[in-house]
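Take 96 as the starting number for the sequence shown in my numbering and just add one per residue. Each residue gets a CB set at the ideal place from its N, CA and C atoms; glycine is no exception.
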Amino acid sequence: MNTPTRIDALKTSDSILRRFKKIQDHGSPYRGRVHSVYRHTINLQFPDALLALQCADSPLSPISLSLPLNGSQMDALSVTQNAPCFVYPDHIEIHCKDSLILIHVENATAHYSASISHVAIGSTFRDCIDKVIQESGKSGFAYIFNDDPHLKGDFILQGARKYIEETEEFLQNEEPEKAAISLGRILGLGTGLTPSGDDFLCGVLAMLQTTGQDKIPFTRMLHRRIQQNLFATNDISGEFLQSALRGEYSEPAIHLLQAADRGIGEITGYAKTFLHIGHSSGIDTLCGMLWVLDNFTR
């Protein structure tokens with residue numbers, strides 16, 4: 096085997112650092128495997144968690160470890176699916192066929208993924224998000240909220256719109272349980288690493304928390320519905336949903352929501368960072384936020 100390659104992580108979430116502390120308290124390393132390698136990201140699967148090793152310019156999520164590498168350098172690590180890996184209190188070992196990669200976390204900066212507080216959100220924030228969605232040129236749930244002609248040819252999105260409209264009707268009739276069941280049906284809808292329906296739900300959960308709606312019957316029932324149906328989506332998207340259920344969100348989401356009561360320029364700037372998250376994931380998340388603002392705060 097070649098000389099081990101050491102990489103010092105730049106930053107990660109406080110949630111991930113708590114898991115490393117748990118390993119330290121446990122006294123022995125956790126064994127896992129490389130779940131998948133996708134678009135300059137290495138996903139590691141452990142018994143109770145999934146970690147994503149990402150290049151430096153990727154948006155930091157609650158499950159991310161950001162490395163001081165670009166996309167080409169990430170690919171050059173030549174990590175393959177199912178390679179064994181181990182988590183120690185201060186580092187991760189990935190055992191590749193011809194190399195050993197050591198990811199050290201002791202000097203990583205912590206991102207506080209659960210730092211959303213209740214904010215009084217006015218029409219300025221809502222209108223800024225709506226404008227970014229309208230001008231995004233993205234597919235996914237933007238087609239629903241923009242009433243795009245492409246919607247007619249997409250049966251998955253047509254189904255999602257039907258569930259959303261049913262949810263709104265149940266809310267108007269004060270039937271929160273039926274509303275939660277209906278909205279929960281979009282879980283897993285869509286294609287890609289994180290289906291559009293799941294990204295939308297993450298936006299819904301974030302905005303329900305931000306607007307102080309996190310304790311109402313609908314939200315409690317939606318949480319239960321999502322938790323019970325995580326099997327309907329893939330492992331990675333399910334991990335993001337579980338983070339959202341715990342109130343943990345990505346760095347772009349935290350920055351946007353913390354700016355909710357500020358000026359148009361700052362809100363729009365943070366909202367536009369979502370244009371660069373996935374194929375349509377960022378805009379799908381904004382659509383979820385917008386839906387809450389239109390149905391719970393007006």
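Subject >> Continuous alpha helix (DSSP H) stretch holding A274: start and end >> reply: If you number the sequence shown from 1, residue 274 lands on position 179. Taken as a continuous stretch (DSSP letters only), the alpha helix (DSSP H) holding A274 covers P271 to G279.
Original post:
Which residue's Cα is closest to the Cα of S332: I281, G358 and P244?
Top reply: For the purposes of this step, residue 332 is taken as residue 237 along the sequence shown, with counting starting at 1. Distances from the alpha-carbon of S332 to those of I281, G358 and P244 put I281 closest.
Original post:
Would a C-beta distance cut-off of 8 Å place D379 and F295 closer than the cut-off?
Top reply: Residue mapping note: residue 379 aligns to position 284 of the sequence shown, counting from 1. Residue mapping note: residue 295 aligns to position 200 of the sequence shown, counting from 1. In this structure, F295 lies closer than 8 Å to D379 by Cβ.
**OP:** Select from R114, A151, I158 and K117 the residue whose C-alpha is nearest the C-alpha of Y344.
**Re:** Taking the sequence shown and counting its residues from 1, one reaches residue 344 at position 249. Restricting attention to R114, A151, I158 and K117, the CA atom closest to the CA of Y344 is found in I158.
Original post:
Roughly how many angstroms separate the alpha carbons of E384 and M302, rounded to a whole number?
Top reply: Locating residue 384 in the sequence shown gives position 289, where the first residue counts as 1. Locating residue 302 in the sequence shown gives position 207, where the first residue counts as 1. Per the sequence shown, residue 384 should be read as Met rather than Glu. Approximately 5 Å between the Cα atoms of the pair.
Original post:
Bridge partners of F138, per DSSP?
Top reply: For the purposes of this step, residue 138 is identified with residue 43 of the sequence shown, where counting begins at 1. Looking at the sequence itself, residue 138 is Asn, so the reference to Phe does not match. Partner(s): S131 and A147.
Subject >> Spatial neighbours of H121 in its chain, beta-carbon cut-off 8 Å, leaving aside the 5 residues before and after >> reply: Position 26 of the sequence shown, counted from the first residue, corresponds to residue 121. In its chain, beyond the 5 residues on either side, no residue has a beta carbon closer than 8 Å to the beta carbon of H121.
Original post:
To the nearest whole angstrom, what separates the beta carbons of T392 and T306, a pair I think is in contact under 8 Å?
Top reply: Position 297 of the sequence shown, counted from the start, is the residue given in the question as residue 392. Position 211 of the sequence shown, counted from the start, is the residue given in the question as residue 306. Right, their Cβ atoms sit about 6 Å apart.
**OP:** List the whole-angstrom C-beta distance separating G127 from F141, where the pair is believed to meet the contact cut-off of C-beta under 8 Å.
**Re:** Start at 1 with the first residue of the sequence shown, and residue 127 comes out as number 32. Start at 1 with the first residue of the sequence shown, and residue 141 comes out as number 46. Separation of the CB atoms of G127 and F141 is rounded to 4 Å, and the pair is thereby assigned contact status at 8 Å.
Original post:
Whose C-alpha, out of H374, I228 and D143, is nearest the C-alpha of I111?
Top reply: The residue you call residue 111 lines up with position 16 of the sequence shown. Distances from the CA of I111 to each of H374, I228 and D143 were compared; the closest alpha carbon is that of D143.
Original post:
Which runs of the beta strand (DSSP E) spanning at least 3 residues fall entirely within the region 212-265, listed in chain order?
Top reply: The qualifying runs do not exist here; there are none.
Original post:
Cα separation between T204 and K257?
Top reply: By one-based count along the sequence shown, residue 204 stands at place 109. By one-based count along the sequence shown, residue 257 stands at place 162. Spanning the two alpha carbons is a distance of roughly 43 Å.
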